[in-house]
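The number in this note's numbering is simply the position in the sequence shown, starting from 1, with 1 added. Beneath this line is the structure, given in structure tokens, with notes to follow.
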Amino acid sequence: MTAERSAGSGEGNPKAGTGQALARKWRPRRFEELVGQEHVVRALTNALRQNRLHHAWLLTGTRGVGKTTLARIMAKALNCETGITATPCGVCSACTEIDAGRFVDLLELDAASNTQVDSMRELLERALYAPSSGRFKVYIIDEVHMLSRSAFSAMLKTLEEPPAHVKFILATTDPQKVPVTVLSRCLQFNLKQIPAPEIHTRLAQILEAEGVAFESAALNLIARAAQGSLRDGLSLLDQAIAHGAGRVDEKSVRAMLGTVDQSYLLAILDALSRCDGPRILAIADEMQARSLDFEIALQELAALLHRVALSQTIPDAMVADAGEQASLASLAAALAPEDVQLYYQIAVQGRSDLPLAPDEYAGFTMPLLRMLAFAPQGSAPRPSRAAEPSAAPARRSGSASGAPLEPAAAGPADDLLLKDGLQPAAWRRLVAGLKLGGMACMLAEHSELVGWDGERLQLVVPEAHRHLLERPYRERLQAALEAHHQRKLRLEFTLGAMNGNTPAEQQDQERQARQRRAIEAIEGDPFVRELVEGFDARVADDSIRPLESGESRQAGG
Ligand SMILES: [Zn+2]
2 MTAERSAGSG EGNPKAGTGQ ALARKWRPRR FEELVGQEHV VRALTNALRQ
52 NRLHHAWLLT GTRGVGKTTL ARIMAKALNC ETGITATPCG VCSACTEIDA
102 GRFVDLLELD AASNTQVDSM RELLERALYA PSSGRFKVYI IDEVHMLSRS
152 AFSAMLKTLE EPPAHVKFIL ATTDPQKVPV TVLSRCLQFN LKQIPAPEIH
202 TRLAQILEAE GVAFESAALN LIARAAQGSL RDGLSLLDQA IAHGAGRVDE
252 KSVRAMLGTV DQSYLLAILD ALSRCDGPRI LAIADEMQAR SLDFEIALQE
302 LAALLHRVAL SQTIPDAMVA DAGEQASLAS LAAALAPEDV QLYYQIAVQG
352 RSDLPLAPDE YAGFTMPLLR MLAFAPQGSA PRPSRAAEPS AAPARRSGSA
402 SGAPLEPAAA GPADDLLLKD GLQPAAWRRL VAGLKLGGMA CMLAEHSELV
452 GWDGERLQLV VPEAHRHLLE RPYRERLQAA LEAHHQRKLR LEFTLGAMNG
502 NTPAEQQDQE RQARQRRAIE AIEGDPFVRE LVEGFDARVA DDSIRPLESG
552 ESRQAGG
């Protein structure tokens, strides 16, 4: 499993930047140097101090969290010439020989390695003999779940009547595969995955001690890529030093890890918060032109959305450098928390759909378009969201001061609804008065009222907005309607054909009508007309889509 276990040759003084150097050089030699395993260390050091020694320990945890490192420190604690201690001296011959991997009474076995399987049983049978120089004969058996049946029975024999001079320190990534007969005779400790911030801190300490220049953002990338394993973090750091020719900067680490420049993803989310579809596609095109990996991009987009969600909900939990902090804060303010949740879902789903996509570009842009489809309309007035007190801070996007809004306040709205039944305008006013936010608001705005009998509302949602029918959104809309009507209601949703009368469509039609009127007004303006005719000028109304396409605005006809 691990390379460093291979043999007991001397360690020398490896220089940073070569192979496994840092992981070996900075391997913890004392309990207090272990990162992220305080709970286990406390239990073990207390036991050592009080001389309450079990004869077998089982250390569990994923790879690279420090199981065998901890086991070696235990071996020193048991055999240090200063006595059984929680603080082995590190200088006596037992300590130094254990550190160097050549202490005769320490037998390190790797059950995952085929070469050792044959001798395993024999070695375990030899446990009965007294130690030759140490206080205890210590067996460290890594990946113990992979021992052969005969080796297990040899070990079990020793565990059942343990000689006072034998200690077993077993380690495994898969405790479920260890026989119960063995488990029941071990004191078990679970080592945790090391959180990225702790890995970051440790890497920074090591680089400072090594005198290697680094950028904090680069260590963020490495700490995340290490996925809970400090050993992997250190290997990556070694590579990064070699890759960056002696320094660790974000750009070369990103290239090394194949990660996507965060600025693209930040720009995508920013464009999304403004509902700027063309900009999103332009960014995707640029990413394609630079042959960035779209699968990694989707993965990192999800990771970024996770950090945005964190900074919205538990800002104190964030560990980010100043630059990232600022970007995250502005995204956290620009995006509603429920949208962040949804975009995250879409990004994760998009990544798993990627192998099925016609090509990588489609597989990457489709989820972005889906996010855009669900993004609150940038130009549409969204009174309900703004009015919701608990909602995220106001969006930068949108045109709060833009189009005037039809009177939205409820008042007699539901009476109208009750009497006249299917008044699209009444449904729209009712929705606007509900003070809904986020996805529930989207659901209401994209629903068309097709039936109402005083108790049951029948709503149709277009196929394109099927995702709005998630239960939480339906329930929130129902709760808001019930609160508004002060009684129980039934909501029935169907997917299907529409008459174009959802509140969102009405708003859209009105917006288009306003634009049409604006264009007409401009073209009808005598001053503008004069300019057009006198100077062969052209009214630049491209930004507001021309609606009557047949009509030429070119002067001089
Ligand atoms: Zn010692």
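No residue lacks a Cβ here, since even glycine has one placed at the ideal position from N, Cα and C.
Determine the DSSP secondary structure at residue i, reduced to helix, strand or coil.
i	result
Val-249	strand
Leu-59	strand
Ala-143	Residue 143 is actually Asp in this sequence, not Ala. Three-state DSSP puts Asp-143 in a strand.
Gln-38	coil
Glu-82	coil
Ser-312	helix
Thr-70	helix
Pro-29	coil
Gly-259	coil
Gln-51	coil
Pro-89	coil
Cys-96	helix
Gly-65	coil
Ala-283	helix
Pro-359	coil
Ala-43	What sits at residue 43 in the sequence shown is Arg, not Ala. In this structure, Arg-43 counts as helix in the three-state DSSP scheme.
Ser-149	coil
Ala-376	coil
Asp-277	coil
Arg-371	helix
Ala-337	coil
Gly-438	coil
Asp-294	coil
Pro-384	Any reading at Pro-384 must be qualified, since the residue scores a pLDDT of 35, below 50, and its modelled position is unreliable; no value is offered.
Return the CA-CA distance between residue i and residue j, expressed in angstroms with no decimal places.
i	j	result
Arg-518	Arg-512	10 Å
Gly-245	Gln-206	18 Å
Leu-282	Leu-293	14 Å
Glu-123	Phe-153	11 Å
Ile-195	Ile-223	13 Å
Thr-97	Tyr-362	57 Å
Arg-352	Thr-314	25 Å
Arg-515	Ala-505	15 Å
Glu-199	Val-36	7 Å
Val-451	Ser-312	41 Å
Glu-34	Leu-470	52 Å
Glu-483	Tyr-474	14 Å
Pro-463	Glu-446	11 Å
Leu-336	Arg-255	27 Å
Ala-72	Ser-151	24 Å
Ser-114	His-146	12 Å
Glu-493	Leu-435	18 Å
Tyr-265	Ala-426	41 Å
Ala-387	Arg-477	Below a pLDDT of 50, predicted positions are generally treated as unreliable, and Ala-387, at 36, falls in that range; no measurement from the model is reported.
Ala-128	Ala-48	23 Å
Leu-302	Arg-275	17 Å
Glu-5	Leu-299	Below a pLDDT of 50, predicted positions are generally treated as unreliable, and Glu-5, at 37, falls in that range; no measurement from the model is reported.
Gly-65	Ile-85	27 Å
Gly-135	Asn-80	6 Å
Pro-132	Leu-305	55 Å
With burial defined as no fewer than 16 other Cβ atoms inside 10 Å of the residue's Cβ, what is the status of residue i: buried or exposed?
i	result
Ala-393	In this predicted model, Ala-393 has a pLDDT of only 36, less than 50, meaning its place in the structure is not dependable; the value taken from the coordinates is given anyway. Its Cβ being crowded by 16 or more others within 10 Å, Ala-393 is buried.
Lys-138	buried
Asp-106	buried
His-55	exposed
Gln-263	buried
Val-92	exposed
Val-432	buried
Val-181	exposed
Arg-397	Caution applies to Arg-397, whose pLDDT of 35 falls short of 50 and renders its modelled position unreliable; the value that the coordinates give is listed next. Exposed, because fewer than 16 other Cβ atoms sit within 10 Å of the Cβ of Arg-397.
Glu-339	buried
Gln-508	buried
Lys-178	exposed
Tyr-344	buried
Asp-100	buried
Thr-174	buried
With 8 Å set as the bound, which would you pick, yes or no: does the beta-carbon of residue i sit closer than that to a beta-carbon of chain D?
i	result
Phe-169	No chain D appears in the structure shown, which is made up of a single protein chain.
Given 7 Å as the limit, tell me if residue i has its C-beta closer than that to any heavy atom belonging to ligand 2.
i	result
Gln-177	Within the structure as shown, ligand 2 is missing, the only ligands being ligand 1.
At which residue ranges does the stretch 100-141 contain complete alpha helix (DSSP H) runs of 4 or more residues, listed in the order of the chain?
For secondary structure counted as the alpha helix (DSSP H) over 4 or more consecutive residues, the stretch 100-141 holds these complete runs in sequence order: 115-126.
Whole runs of the alpha helix (DSSP H) within the stretch 161-243, excluding any shorter than 4 residues:
The qualifying runs are 181-184, 197-211 and 217-226.
Which residue spans inside the stretch 442-524 form an unbroken alpha helix (DSSP H) run of at least 4?
Counting whole runs of 4 or more residues, the stretch 442-524 contains the alpha helix (DSSP H) stretches 472-486.
With a cut-off of 7 Å, give the chain-ordered residues whose Cβ is closer than this to any heavy atom of ligand 1.
Going along the chain, the residues that qualify are Lys-77, Cys-81, Glu-82, Thr-83, Pro-89, Cys-90, Gly-91, Val-92, Cys-93, Ala-95 and Cys-96.
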